[in-house]
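Remarks on the structure that follows.
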Amino acid sequence: MGLTGYLQLPFAQHALIAGTLIALICGLIGPFVIARSMAFAVHGAAELSFTGAAAGLVIASNPVAGALIGSVVVAGLFGALGERQRERDSAIGVVLAAGLGLGVLLLSHYQGYATAATNILFGDIFGVSTTSLALLVGLAVVVAAAMITIYRPLLFSSVDPDLAQARGVPTRWLGLVFLVLLAVTVTEAAQIVGTLLVLSLAITPAASAQRLAASPMAVTGLSILLALLATDGGILCSLSGSSVPPTVFVTGISFGLYLLARLVGPWLARRRRERLALVRAEQGPRPTP
Amino acid sequence: MSAPAIKLVGLEAGYGARTLVGPLDLEIQPGEVVAVLGPNGSGKTTLLKVLLGILAPLAGLVEIDGLAPRQARRHVGYIPQHRDFDRDLPIRGRELVGLGLSGHRLGLPWARRAERQAIDAALVAVGAEGYADAPVGMLSGGEQQRLRIAQALLGEPSVLLCDEPLLALDLRRQAQVIELIDRQRAERDAAVLFVTHEINPILPLVDRLLYLVQGRAAVGTPHEVLTTERLSDLYGAPVEVVEVGGRIVVVAGDESANQLLGHHHDHAREDGPWD
Numbered sequence: 057m058g059l060t061g062y063l064q065l066p067f068a069q070h071a072l073i074a075g076t077l078i079a080l081i082c083g084l085i086g087p088f089v090i091a092r093s094m095a096f097a098v099h100g101a102a103e104l105s106f107t108g109a110a111a112g113l114v115i116a117s118n119p120v121a122g123a124l125i126g127s128v129v130v131a132g133l134f135g136a137l138g139e140r141q142r143e144r145d146s147a148i149g150v151v152l153a154a155g156l157g158l159g160v161l162l163l164s165h166y167q168g169y170a171t172a173a174t175n176i177l178f179g180d181i182f183g184v185s186t187t188s189l190a191l192l193v194g195l196a197v198v199v200a201a202a203m204i205t206i207y208r209p210l211l212f213s214s215v216d217p218d219l220a221q222a223r224g225v226p227t228r229w230l231g232l233v234f235l236v237l238l239a240v241t242v243t244e245a246a247q248i249v250g251t252l253l254v255l256s257l258a259i260t261p262a263a264s265a266q267r268l269a270a271s272p273m274a275v276t277g278l279s280i281l282l283a284l285l286a287t288d289g290g291i292l293c294s295l296s297g298s299s300v301p302p303t304v305f306v307t308g309i310s311f312g313l314y315l316l317a318r319l320v321g322p323w324l325a326r327r328r329r330e331r332l333a334l335v336r337a338e339q340g341p342r343p344t345p
Numbered sequence: 074m075s076a077p078a079i080k081l082v083g084l085e086a087g088y089g090a091r092t093l094v095g096p097l098d099l100e101i102q103p104g105e106v107v108a109v110l111g112p113n114g115s116g117k118t119t120l121l122k123v124l125l126g127i128l129a130p131l132a133g134l135v136e137i138d139g140l141a142p143r144q145a146r147r148h149v150g151y152i153p154q155h156r157d158f159d160r161d162l163p164i165r166g167r168e169l170v171g172l173g174l175s176g177h178r179l180g181l182p183w184a185r186r187a188e189r190q191a192i193d194a195a196l197v198a199v200g201a202e203g204y205a206d207a208p209v210g211m212l213s214g215g216e217q218q219r220l221r222i223a224q225a226l227l228g229e230p231s232v233l234l235c236d237e238p239l240l241a242l243d244l245r246r247q248a249q250v251i252e253l254i255d256r257q258r259a260e261r262d263a264a265v266l267f268v269t270h271e272i273n274p275i276l277p278l279v280d281r282l283l284y285l286v287q288g289r290a291a292v293g294t295p296h297e298v299l300t301t302e303r304l305s306d307l308y309g310a311p312v313e314v315v316e317v318g319g320r321i322v323v324v325a326g327d328e329s330a331n332q333l334l335g336h337h338h339d340h341a342r343e344d345g346p347w348d
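Protein chains in written order, with my numbering: chain A, 57 to 345; chain B, 74 to 348.
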C-alpha cells in the first residue's frame, strides 16, 4: 500500500493528528526548557511516566491516567526538592532513580501483561486510539492555553529573574506552573514517541531555533515549526512503504535540522555582529567591548 | 517641603531571627542622591530587597511615596546588579527593556503602541537606540548597562534604586552611566539610592551617605560620615579616612579593622590611578 492508501486509514490519520498536537506543545515549551536549563527535568519526567503508568496499571488498570497523575506528582517533587538552582539536577536524579525502582517493584506485583506500561518507554504512534486522541486534544488545548497565558511573565522571570521579582512577578509560582505543564506535555509525548525520544521533540527543535532566531517569539514559532517538520515528516516517511519505525525518522529529521542550524547559525550571528559593528561605528567613539 | 520619596522609621530587616539592618531612620527627598556604602554582608542588599517589596521588614515602617513598597512598585525604577547576559540568549535589547514595562502582564509579549513609543523614548534617552535591535548577549557590558537604565526609566519612576551599577565598567563607561542617572534625576526630580562599595566615582553627585557596618548605620553628608572618628566608631575598630590624589580611601588602622574592611583593600588594588 502506498502513502495515499495509508492516509485513508484511521491509524495513520490518528498518528498524524496526535503527532501534530505533540509537536505543537513540545515546540511551545522547548524554548523555556532551554532558557531555564531544564533539559534534565524533561528527561526525568519522561522516564518517570513509566512509573506513573505502572502505578495506574496496578491500582486501576489505567496506565494513561496513572502516567498523568504521576507527572503532576513528579513536577511537585522536582519543584519541592530542587528549589535552589544548584541542587536541582541532583534532586531530579534522586527522584528519577527512586521512581524507576518503584516502577519495577509495581510491575513485579502485576499479574497481567505489562506491555501497557513498558509501551510508554518506546511509544506507539501507530496505536493511538480514539479515546487517547480525545484526551490528547484536551490536554494540548489546556497546555497551549496555559503557556500563552503565562508566556510574558514566564519569559521575564526566565531571562531576568532579579528584575522580574522586583516587579512583583511571582517567579517561584510561575516556575512551578511551568514544571507541571512540562511534566504533562512530556508524559503525553512519551505515550506517542516514547520516553526515550521525548528529548528530540522537547529540546532539539528549540535548540535549533535558538541558533537561528534572535527574538523570543521567533524562537518559539520556529521551534514549533521544526517540531512539526520532524514529527509529521517522520510519520509520513514511515508510511511511505518503509519498515523502519517512525521514531527513527522523527529523531533523525530532528537531529538533521539541528545540524543544519548549527551550520547556518554562526553565519547568521556573524551578520548580526557586523550590523552591530556598523551601528557602533556610526555612533562615533568605539565602545570597549 | 514635599513628601519624602523614601521614608524609613525604625526599620529592622533581616532573615528569620537574624537582624541585618537597623533600627534605621531615614528620609530621602525627591531629587536627592543617597549612596549606600558598607563592606560585604553589611545589609545593603537586604535594604534594597525591603524597598523593592521582596522582603518584609522585621519591624518598623517603610514607605515609598507614602505607600507600602509592594504598592509602590510602579513608582520604583530598579537597576539590578550587573551580570552579563548569556551570549546566546535570544532576546533583543528592545524586548528586554520592554519586559521592564509590561513583563508582569499575562499573555504574549506583544507591545502596545503606547508602550512601543515609551520604549523608544527611553532608548533614545540613554543613547541605546542604535543597538536596541541586536541580541543582548552580543552587547558589551556598558551597552547592556545602558539598556538596564532605559528599563529602569520606563514608567517615569520617582525613585531609582541602583545596585552596584558601575561594577565591571571601565572608567569612561562609569562616568557616562553616572551622568545618565544624574540627568534623569534632575529631569524627573527622582530620588536616587545608589548601592555601591566604591564611593569615589559618585562622590560629586552624592548628597548624603548611608554607611552600613554589621547592621549599624551612619547617615550624613560625605564630609560628616567619611571621617576617621565616625567610621572608627561605626566599625568598632580603628580605621582611617585618608585622601590620596583627590580620592577618599578608607584604610584599616590595625589587623581587626583590616578584616572588617576586607573589600576596600581589594578595590584599592583593582582601581589603579583615578583620573
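All residues carry an ideal CB built from backbone N, CA and C; glycine is no exception.
Note that the coordinates shown come from a computational prediction; the quantities given were computed from them, not determined experimentally.
- Look at A/P87: its C-beta is under 9 Å from a C-beta on chain B.
- DSSP lists B/V312 as the bridge partner or partners of B/A325.
- One Cα belongs to A/F212, the other to A/S164, and the distance between them is close to 46 Å.
- In the structure shown, A/I259 falls within a coil segment according to DSSP collapsed to helix, strand and coil.
- Residues of the region 149 to 162 of chain B with a C-beta atom less than 7 Å from some C-beta of chain A are Y151, P153, D161 and L162, listed in chain order.
- Rounded to whole angstroms, the separation of the alpha carbons of B/V323 and B/A310 is 12 Å.
- The alpha-carbon of A/I148 is positioned some 18 Å away from that of A/L253.
- Looking at the backbone, the Cα of A/L230 and that of B/H177 are separated by about 11 Å.
- For B/P208, the three-state secondary structure derived from DSSP is strand.
- Going by beta carbons, A/A79 and A/D216 fall outside the 9 Å limit.
- Chain B places no beta carbon closer than 9 Å to that of A/Y314, leaving this residue out of the contacts.
- For B/L239, DSSP assigns no beta-bridge partner whatsoever.
- Runs of the alpha helix (DSSP H) lying entirely within the region 151 to 190 of chain A, each at least 4 residues long, are 171 to 178 in chain order.
- With the criterion set as a beta carbon lying under 8 Å from some beta carbon of chain A, the members of the region 123 to 146 of chain B are L125, G126, I127, R143 and R146, in sequence order.
- Per the coordinates, the alpha-carbon of A/Q247 lies some 17 Å from the alpha-carbon of A/G83.
- Of all alpha-carbon atoms in A/G58, A/A270, A/I291 and A/T307, the one lying nearest the alpha-carbon of A/R329 is that of A/A270.
- Residues of the region 227 to 245 of chain B with a Cβ closer than 7 Å to any Cβ of chain A, in chain order: D243.
- Taking the beta carbon of A/R336 as reference, the chain B residues within 8 Å of it are G203 and Y204, listed in sequence order.
- Contact between the region 160 to 170 of chain B and the region 192 to 207 of chain B is present: three or more C-beta pairs spanning the two stretches fall below 8 Å.
- For B/D98, the uninterrupted beta strand (DSSP E) run begins and ends at R91 to I101, by DSSP.
- Nearest in C-alpha terms to B/G83, of all of B/A76, B/P77, B/A90 and B/G95, is B/G95.
- At a cut-off of 9 Å between beta carbons, A/D180 makes no contact with chain B.
- B/G293: not part of any alpha helix (DSSP H); member of the beta strand (DSSP E) spanning R289 to G293, first to last residue.
- Runs of beta strand (DSSP E) with 3 or more residues, each lying fully within the region 97 to 166 of chain B, are found at 106 to 110, 132 to 137 and 149 to 152, listed in chain order.
- Between B/I275 and B/I251, the CB-CB gap stays under 9 Å.
- Residues of chain A with a Cβ closer than 9 Å to the Cβ of B/R189 do not exist, since the nearest Cβ in that chain sits about 14 Å away.
- For the options A/P302, A/V320 and A/M273, the alpha carbon positioned closest to that of A/F88 is the one of A/M273.
- When DSSP states are grouped into helix, strand and coil, B/I79 belongs to the strand group.
- Contact residues of the region 257 to 284 of chain A toward chain B are Q266, A269, A270, S271, P272, M273 and V275 (C-beta to C-beta distance below 7 Å).
- Of all C-beta pairs linking the region 225 to 239 of chain B to the region 149 to 158 of chain B, three or more are shorter than 8 Å, placing the two stretches in contact.
- The DSSP assignment places 217 to 222, 227 to 249, 255 to 258 and 260 to 268 as complete runs of the alpha helix (DSSP H) inside the region 213 to 291 of chain A, in order along the chain (cut-off: 4 residues).
- B/D138 counts as buried, since at least 16 other C-beta atoms from the protein chains shown sit within 10 angstroms of its C-beta.
- Shown here, B/R219 sits in a helix according to DSSP, grouped into three states.
- Counting along the chain, the unbroken beta strand (DSSP E) around B/V265 starts and ends at A264 to V268.
- Within the region 166 to 178 of chain B, contact with chain A at the beta-carbon level (separation under 8 Å) is assigned to E168, L169, L172, G173, S175, G176, H177 and R178.
- With respect to A/L77, A/L192 sits close: the two C-beta atoms are nearer than 9 Å.
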